[in-house]
Every structure is written in structure tokens, then in C-alpha cells.
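Notes follow once the structure below has been shown.
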Amino acid sequence: MSIQTFDDTRHLTGENGEFLGNSFAHSKTFPMATPFLTTSTTLSLSLSTHLHRLSSSLSSTCFPFKPNLHRVPRNPSLLASYGNPHLLFNHEDHHSTYKSLLSTRVLGPKSNFLQMGPSETSCSREILVKSSASDSSNTVISTLSQKVFGVLHLVVSLGIVLAMDKFLKQAFVAAAIKFPSALFGMFCIFSVLVILDTTIPAAATSLTNFFEPALMFIQRWLPLFYVPALVVLPLSVRDIPAASGLKICFIIAGGWLASLCVAGFTAIAIRKIVKTEMVDAEPMAKPSSFAPIEFWTWGGIFLASFVSAIFYPTALGTTARTCLPFLLASTVLGYMVGSGLPSAVKKVLHPIICCALSADLAAVAFGYISQSGVDAVLGDYLTKVSSNPGAGDILMGFLGSVILSFAFSMFKQRKLVKRHAAEIFISIILSSLFSLYSTALVGRLVGLEPSLTVSILPRCITVALALSIVSLFEGANSSLTAAAVVVTGLIGANFVQATLDKLRFRDPIARGIATASSAHGLGTAALSANEPEALPFCAIAYGLTGIFGSLFCSVPVIRQSLLAIVG
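This is the structure:
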């Protein structure tokens, strides 16, 4: 067999002159004399035939051009590489050689088929790119749908809680029942959960999971619901004499420390008696931090509504409604800014103080620019009229839902409550009674007016229940009540950890109960941020302190005895 060449294309012929295939060479004739060359030639012919078939298949499926197998453009570099027949047939790496031939002859000189590279002109690359784009699109759609579903889940679950609270309020008012309606709803929810957990555990778990978004929303914005009392504090204390104000501050500060000591030492004493071994509490989910988009959104709402209210004071019907958006936005922005401050700054400027100052500054600015006065703006902040609500009314409207959420918190920690029932219940009952009676007694001793003393009786109870408690007493100032509760919480938030260390309270049960029993939600938030192991006991004591305080004041005998002490 020999090789005959014509121009730049080589034809392989057998001994009888039959055509065997094409290859590359210079225009010469080379004898094929060795077995090795015979084997190489057979390999070349076989690959040439397969290349022809492969190119036909590819041209009909993947490529818009028809490859030419019979002529290769003159390429000096290519001829330099493949012009030597010994290089063609005697090279050790046949695979590499024919891979280059395939890329040049079948797919054209610029094709990267079967080669590693960035080009995406081949069918496999196109399919991979389309698949990747499809997967990316599906991921975006899935993420978007999850967010939409999450928002709808939050709206539905929170809406049910708010509707339940409103329904109970209306029912209790219609029936002339003075017992706190939200507290009754909390007992009902807790009872239902316990019964379901006993009979159908899966149903109790599903119900808890369904309301989880609403509970996380309430937990995330909880301090914000206390703010309205501080914002309108200048209006609340205007008619209070300076001497009476100093007495109230003394009672609040001294009463906080006394209540903390009673609750803490009682818990330690009971712990030594019962000697119950500590077990790990159920993990408590933490709300997410604030995203920049939230800050910029509320900032935009503030600017737009502030400017609009200046030029159109009654655009929404009344001044309270028109001022509502920017006053609410300023309150929220203050809370966000305060929450992002360093820990050292928070000890001096608590987020709730920053929040109240932000709302007051917005009220001062609007009152000055609009020439309506700051008192009028603060009056629009908290109107206490359901038909004409202000920003403060919207925020305080969540207080009932806060109480209802206690049912889920206690249910999650039911095993812990049952295991440490003696320490928890005895400490909280004694602390609640001490707080009420000591406030009444000290107010009488320092000569504080009876109406003011009654107003600060529930100083250690969360605002949501404290307002319900003072409604049971005639002549009480509910604004002063809310302010006293918030100030008590701020004192506890700033000094509770150092005070517990000074008193050598090491037990997390004692630390949690003492904190929540004396400084309710704000103290709880401050302690649990650094001591997560005390959070379950804080949460339990936080709810139970308000519950027992409400129950005690609902009993006519106890209520009359408190009034007798106050004078």
C-alpha cells in the first residue's frame, strides 16, 4: 500500500489501486512497508470513516454549516504539524492528533468542539447554559413565592390574634365585666393548647407553628408598644406638682430594687428546699435584626408624610390621621436607630428612650413649622378615640395581642414550668403581693396623693395588664400608670445585671424571676441578651407577674384593702 498526494489533500490507495481514504501529507508518495505503519494506517482509515459519519450527524442537528471532509484550507501551521507522515502515523499520542483533526476538519477552524474552553457554541454547552438559566429562574421564582407566602402567613396569623383581642374587648364591655379580657383570652388559648397536647399532640404543634409568625412579630416590636406613654409624658405630668413627682420617682426606683430582692431571695430559698435539678429549657427563637431596606422605607414614609401634613393638615380628614404616618414612622425609626447603637451606649441611651425622643422631636418640629404647637401634636399622637386614632393608639392597640401571646410562650415552656413550679409560682405570688402593698404603703408614708398612688400601684406589671388593673380603680391616671411602668422597666434594663451580681444571685432561675418580676419586659430583654439561659424563666415570670397582679386586683377584698392603705 502507498500514499499518493494531490495538493494539500492526501489519498490513500491499496496495492491494486483501490481508494482507501484521505489524510494529510506533502505531495509525495510513501511506501507502507512495516506492520506498525499498516496498523496505523488502518487506524487512520477507521477514524476517517467515523469522522465522516460524525460530521454528517452533527451537521444535521447542531450546526448551521456543512463541514467539508475533502479539502482543508492551506494552513502553514497545520501542515507544519501534520505534513510529516511519520509524525502522523508514528506519533505516540494518536488520540491527541486526531482530536486536533476533528476540531479542524469536521467543525471548522474556529470550532472548540470536544475542547475545554470558554466558548459556548457547542450543543452541550448551550444545553448546560439553558439548564443553568432555567434553574436560576426557578430558584428566583421559588424564593419570591416563599416570601409572598411568608407575608400572607404573617398577615393572617396576626390578623386572627388582633381580631380575637378586639372581639373579647367588645364582649366584656357589653357584659359589663371588669376582668381584663385579654387575660381571659390567654387562659383560653393556653387551656386549648394543653388539651390538644394531651389528646392530639400533632394538632397542638400545628396550631403553635401556625401562629409563630405573629408571635415573632410581637416579640420583635414589643418595646415599641410601650413607647406612647413616654412620648406623651410631658402632657401626663404637667398637672403633677414637682414634689409629688420626686416622691413618685423615689417609689419607682426604691420599689424596683425591693421587688427584685424579694423575688430573687424567695426563689433561692425555695430552690434550697425543693432541690430540683436544673434541666435545659426549650430553645427560644429570636427575631431577625432590622434590614437597611426597612430603615430607608420608613425614612421615605416619614419625609413624604411630614411634608404632606405641613401643606395639607387635614388631608386624611383630621389632623390626628394626617399626622399619624410621620409620627408612627419617627417612632419606628427611633427604635431602629436605638437598637443599632453599641452596647455601651445602650446602657445610657436605651432604645426605647431613643424611640420616644425621636417621636417627640418630630412633634416639636411639626408643631414649630405648622405653628400648631407641640401640645396639639402630642394630643394627636395619642387621642384614645377609636374613631380618630393617632400613632400612639395604633401601637397600644397591640398590647392585648401581647397578653394573648403569653399563652404560647407558657405552653412552649410547660415542661419547665411543671418541673420548677414551686420556685416559680411561690416567688411570683409573693413578689406580686409585695409590689402592690409596698407601693400603697410607701405612698401613704411619704404623703403622696391617693389618686397618684393608685396610678402607680402596678409599676412592676407590663403595660398591657397595668392599664387593665388601674381601670378597676376610680380616679386613676392611666397615662401616669403607663409612664411609671416604662420608667421602672428602663431602670431595670440599665441596672439589673450589675445589681444581680452584687446580690450574688448565680442561679438562672433566681436571676430570671427577679428580673421579670421587678422590671417586666424591658428588664427581660436586657438580661436575656447576655444570659440566654435565664430567658425561659424571664418569659414565664414576665407573664405570670402580670397575670397574678391582675387576678389579685380583681378580687374585691384585696382591692378594698389596697384602697384602705392608700387612704
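Just so we're on the same page, my numbering is the position in the sequence shown counted from 1, plus 18. Cβ coordinates follow ideal geometry from the N, Cα and C atoms, glycine included.
C-beta atoms of residue i and residue j nearer than 8 Å
| i | j | result |
| --- | --- | --- |
| residue 316 | residue 347 | yes |
| residue 402 | residue 411 | yes |
| residue 15 | residue 211 | Absent from the structure is residue 15, since the part of the chain shown begins at 19 and ends at 585. |
| residue 214 | residue 200 | no |
| residue 551 | residue 574 | no |
| residue 413 | residue 205 | no |
| residue 458 | residue 475 | yes |
| residue 172 | residue 232 | yes |
| residue 576 | residue 419 | no |
| residue 167 | residue 429 | no |
| residue 567 | residue 404 | no |
| residue 538 | residue 517 | no |
| residue 477 | residue 584 | no |
| residue 490 | residue 254 | no |
| residue 441 | residue 292 | yes |
| residue 558 | residue 435 | yes |
| residue 182 | residue 485 | no |
| residue 456 | residue 495 | no |
| residue 444 | residue 288 | yes |
| residue 437 | residue 226 | no |
Any non-hydrogen atom of the ligand SAM within 7 Å of residue i CB
| i | result |
| --- | --- |
| residue 500 | Absence of the ligand SAM from the depicted structure is noted, as is the absence of any ligand whatsoever, leaving it without description. |
Own chain, CB closer than 6 Å to residue i, minus 5 neighbours either side, in chain order
| i | result |
| --- | --- |
| residue 341 | 327, 398 |
| residue 460 | 269 |
| residue 511 | 368, 540, 541, 544 |
| residue 581 | none |
| residue 416 | 243 |
| residue 323 | 343, 344 |
| residue 569 | none |
| residue 406 | 336, 338 |
| residue 247 | 500, 501, 504 |
| residue 381 | 392, 395, 396 |
| residue 528 | 282, 285, 286 |
| residue 549 | none |
Where residue i sits in the DSSP three-state scheme
| i | result |
| --- | --- |
| residue 250 | coil |
| residue 178 | helix |
| residue 491 | coil |
| residue 215 | helix |
| residue 406 | coil |
| residue 397 | helix |
| residue 467 | coil |
| residue 533 | helix |
| residue 386 | helix |
| residue 256 | coil |
| residue 538 | helix |
| residue 369 | helix |
| residue 478 | coil |
| residue 378 | helix |
| residue 577 | helix |
| residue 66 | Residue confidence is low: residue 66 scores 48 on pLDDT, short of 50, so the model does not pin down where it sits. Its coordinate-derived value is still stated next. Looking at residue 66 - three-state DSSP - the assignment turns out to be helix. |
| residue 183 | helix |
| residue 205 | helix |
| residue 523 | coil |
| residue 304 | coil |
| residue 391 | coil |
| residue 295 | coil |
First through last residue of the alpha helix (DSSP H) which encompasses residue i
| i | result |
| --- | --- |
| residue 589 | Any property of residue 589 remains undetermined from this structure, which presents the chain solely from 19 to 585. |
| residue 512 | 496-520 |
| residue 273 | 260-292 |
| residue 194 | Where residue 194 is concerned, there is no enclosing alpha helix (DSSP H), given that its DSSP letter is neither H nor E. |
| residue 557 | 553-572 |
| residue 334 | Segment: none, residue 334 is in no alpha helix (DSSP H) and carries neither H nor E. |
| residue 237 | 230-239 |
| residue 425 | 417-430 |
| residue 321 | 310-329 |
| residue 364 | 361-364 |
Same chain, Cβ closer than 8 Å to residue i, five either side skipped, listed in chain order
| i | result |
| --- | --- |
| residue 377 | 245, 249, 345, 348, 349, 352, 399, 409 |
| residue 279 | 521, 532 |
| residue 354 | 308, 312, 313, 316 |
| residue 263 | 255 |
| residue 509 | 270, 271, 274, 537 |
Chain D contact for residue i (CB, 8 Å cutoff)
| i | result |
| --- | --- |
| residue 580 | Absent from the structure is chain D; it holds one protein chain and no more. |
Cutoff 7 Å; reference residue i; Cβ partners in own chain excluding five residues on either side
| i | result |
| --- | --- |
| residue 305 | 234, 237, 238 |
| residue 7 | Residue 7 falls outside the range modelled here, since the chain spans only 19 to 585, and no answer is possible. |
| residue 571 | 487, 490, 577 |
| residue 320 | 344, 347, 348, 351 |
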